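These notes are about the structure you will find just below.
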Amino acid sequence: MLERKQVKDRVRVTFVLPAEAPPGAVSVVGDFNEWRPGAHPLEPRRDGMRAVTVVLPAKGVHSFRYLADGDHWFDEDQADGHDGTNSRLHT
Numbered sequence: 123m124l125e126r127k128q129v130k131d132r133v134r135v136t137f138v139l140p141a142e143a144p145p146g147a148v149s150v151v152g153d154f155n156e157w158r159p160g161a162h163p164l165e166p167r168r169d170g171m172r173a174v175t176v177v178l179p180a181k182g183v184h185s186f187r188y189l190a191d192g193d194h195w196f197d198e199d200q201a202d203g204h205d206g207t208n209s210r211l212h213t
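Residue 123 is where the sequence shown starts when you use this note's numbering, and the numbers rise one by one after that.
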């Protein structure tokens, strides 16, 4: 799930997943962090989910995927689109 909040010329995007699915550590990896695994790990929230927030420039398009333990890559079902391999996010 994606949560977004406009803040002037930026957008705070929070990437949210259930705490247990998939099991183990998960990070969001994309063009905004030079596709570095572990740069934005999802952390537990009080509501039983886990999340990480990334601040991105407004009016942009970004590619990303999730990376879980065991080199398991997966997409965001609620992304704004997909480019064949990656999820797409419009800010």
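Beta carbons: idealized from backbone N, C-alpha and C, even for Gly.
Here the structure is a predicted model, which is why all the values come from computation and not from measurement.
Non-local beta-carbon contacts of Met123 in its own chain, meaning distances under 6 Å to residues more than five positions away in sequence, involve Val138 and Gln200 in chain order. With a threshold of 16 other beta carbon atoms within 10 Å, Glu198 meets it and is buried.
A residue is called buried once 16 or more other Cβ atoms fall within 10 Å of its Cβ, and Thr207, having fewer, is exposed. The shortest C-alpha to C-alpha distance from Ala173 to any of Arg187, Ala190, Arg158 and Ala141 is the one to Ala141. Secondary structure note for Leu124: its beta strand (DSSP E) is the uninterrupted segment Leu124 to Val129.
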